[in-house]
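Structure first, commentary second.
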Amino acid sequence: MINKIGTHLKDIETPELIIDLDILESNVNTVSKAYKDSHLKMRAHTKNLKSPYLARKQVEAGGSNGGVCTAKVSEAEVMIEGGFNNILIANQVVSDDKIERLCSLAKFADMKVGIDNIDNLNNLSKFAIKHNVVLGVLVEINTSMFRCGVRSSEHAVELAKHAVELEGIDFKGVMSHQSIKGLPTEDERWKVGEGYLEICLESKRAIEEAGIDVEIVSTGETFTFDIALKYPEITEIQGGTYALMDLNYPYMPFDIAVKVFSTIIDIDDDKITIDAGNKCIAAPNNATPLIEGVKSELVEMGLDYSIHKISDNKKYNIGDKVYLLTTHEDGLINRWDKFVGIRKEIVEGSWDILGRGCHH
Ligand SMILES: Cc1ncc(COP(=O)(O)O)c(C=O)c1O
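The numbering of the sequence shown is this note's numbering, which starts it at -18 and goes up by one.
Take a look at the structure:
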């Protein structure tokens, strides 16, 4: 194994996917301190980290309900193999084959899934009966993304009423996820976040008014982790990016723990070429990765290299090592087989990214 335990940062073979464990622990502890004595609990979303080991670290830090979210059935399979038994697939599972896999997981774990469509709900029930299992369902509420989720509280009530009548289905509650664009001020973040969370709660209250109990309100993400504390009705937050972070949330109280360590392989006047390119760092939506601590601008993103124009007065040499920071943690992690965990510049461990490539 290259980059084995005890290796100093200066001797690490590059490119390498690094997690700074001190930063990871500090991010996770920020949430666990906020949630420890609260009604609100973290249900870590593992679509970002794709690692039962890291999910375990989040749960063990405290402030968690012990469960995790996944986006896909195949990610849920990985998390169950990693020892988790309380899973919310915070997404729609619609094809027969995947529903059968979901039912087979329900023999090992408490499985819950998002719903926003009556035919899908009937199909979930049909397969749950066939496999003699019970599937928990949460009505997904669209608050802003227009991706999935019901568009009105009337539709949410209709689905909840139908769900409580179905065999093999256990109606659990509601869920939502939303995002915020750009770099909001603190006031904007709270205003937008409160607005979204209240849309989700409106459906929750309408379902209760129809006489149906709502046990779970699962919502959010990184940018509302603290805003949700204001609402006693919200039971859990689906936090993803906060643990390892990326460049998109400089306004949140978390630091970037995941980085690609890379070597300068060429220098041309004010430009440096490094040995990390598109194959090892994802940059969706034209978002550009940046070199940590170096005033620079991306010139070209090759497959196995990238070129950066430097605008500070420091002297760089071929062989120097730098950290590349990503704008999209999920895509970055899905490109790698392993994380290398470092603490104070020494490799402390290396962990397989078991959910890597789980697209189904
Ligand atoms: C349904 C759902 N919940 C939670 C999250 C986590 O969001 P974040 O990474 O901003 O914490 C995502 C991320 O895309 C998501 O799709």
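In this text, a Cβ means the ideal position worked out from N, Cα and C, and glycines have one as well.
Could you pull out every residue in the same chain whose Cβ sits closer than 7 Å to the Cβ of residue i, ignoring the five residues on either side in sequence?
i, result
"residue 8", "223, 224, 226, 235, 236 and 238"
"residue 326", "-11 and -10"
For residue i, name the three-state secondary structure that DSSP assigns.
i, result
"residue 324", "strand"
"residue 82", "helix"
"residue 314", "helix"
"residue 145", "helix"
"residue 287", "strand"
"residue -7", "coil"
"residue 60", "helix"
"residue 18", "coil"
"residue 260", "coil"
"residue 1", "strand"
"residue 218", "strand"
"residue 75", "coil"
"residue 30", "helix"
"residue 164", "coil"
"residue 180", "helix"
"residue 114", "coil"
"residue 299", "coil"
"residue 272", "strand"
"residue 309", "coil"
"residue 174", "helix"
"residue 37", "helix"
"residue -16", "coil"
Cα separation between residue i and residue j?
i, j, result
"residue 64", "residue 202", "23 Å"
"residue 105", "residue 169", "39 Å"
"residue 157", "residue 25", "14 Å"
"residue 149", "residue -7", "52 Å"
"residue 221", "residue 12", "12 Å"
"residue 314", "residue 205", "23 Å"
"residue 233", "residue 306", "16 Å"
"residue 76", "residue 229", "33 Å"
"residue 102", "residue 153", "13 Å"
"residue 188", "residue 280", "53 Å"
"residue 375", "residue 40", "What is shown of the chain runs -18 to 341, which leaves residue 375 out entirely."
"residue 182", "residue 231", "28 Å"
"residue 184", "residue 163", "28 Å"
"residue 137", "residue 110", "23 Å"
"residue 218", "residue 146", "28 Å"
"residue -5", "residue 263", "17 Å"
"residue 248", "residue 38", "40 Å"
"residue 197", "residue 309", "29 Å"
"residue 28", "residue 34", "13 Å"
"residue 297", "residue 241", "18 Å"
"residue 178", "residue 200", "8 Å"
"residue 212", "residue 290", "47 Å"
"residue 173", "residue 161", "8 Å"
"residue 95", "residue 155", "8 Å"
"residue 14", "residue 66", "24 Å"
With a threshold of 8 Å between beta carbons, is residue i in contact with chain D?
i, result
"residue 209", "The chain labelled as chain D is not found in the depicted structure, where only one protein chain is given."
Which residues does DSSP list as the beta-bridge partners of residue i?
i, result
"residue 25", "49"
"residue 119", "95 and 154"
"residue 233", "Its beta-bridge partners do not exist; DSSP assigns none."
"residue 67", "91"
"residue 304", "242"
"residue 332", "320"
"residue 250", "BP columns for residue 250 are empty, so no partner."
"residue 279", "289"
"residue 199", "156 and 217"
"residue 228", "Paired residues: none, contrary to the question."
"residue 131", "122"
"residue 255", "245 and 287"
"residue 102", "Its beta-bridge partners do not exist; DSSP assigns none."
Given residue i, which residues of its chain have a CB within under 8 Å of its CB, disregarding the five upstream and five downstream residues?
i, result
"residue 246", "254, 255, 256, 286 and 299"
"residue 68", "48, 49, 50, 51, 57, 60, 61, 86, 90, 91, 92 and 93"
"residue 331", "-18, -16, -15, -14, 319, 320, 321 and 322"
"residue 292", "251, 276, 277 and 278"
"residue 19", "44 and 210"
"residue 340", "53 and 55"
"residue 260", "284, 285 and 316"
"residue 80", "74, 104, 105 and 108"
Here's a check: name, in chain order, each residue in its chain whose Cβ is nearer than 6 Å to the Cβ of residue i, leaving out the five neighbours to either side.
i, result
"residue 97", "121, 129, 130 and 131"
"residue 0", "238, 239, 320 and 322"
"residue 271", "306"
"residue 317", "-2 and 334"
"residue 301", "245"
"residue 4", "236 and 238"
"residue 112", "84"
"residue 180", "124"
- request: Report yes or no: do three or more beta-carbon pairs, one from the region 105 to 117 and one from the region 133 to 142, lie closer than 8 Å?
  value: No, the region 105 to 117 does not touch the region 133 to 142.
task: Would you be able to state if there are at least three C-beta pairs under 8 Å between the region 121 to 132 and the region 80 to 91?
output: Counting Cβ pairs under 8 Å, fewer than three are found: no touch.
message: I'd like to know if the region 52 to 59 and the region 332 to 340 are in contact, where contact means that at least 3 CB-CB pairs between them fall below 8 Å.
response: In short, these stretches touch, since the Cβ pair count reaches three.
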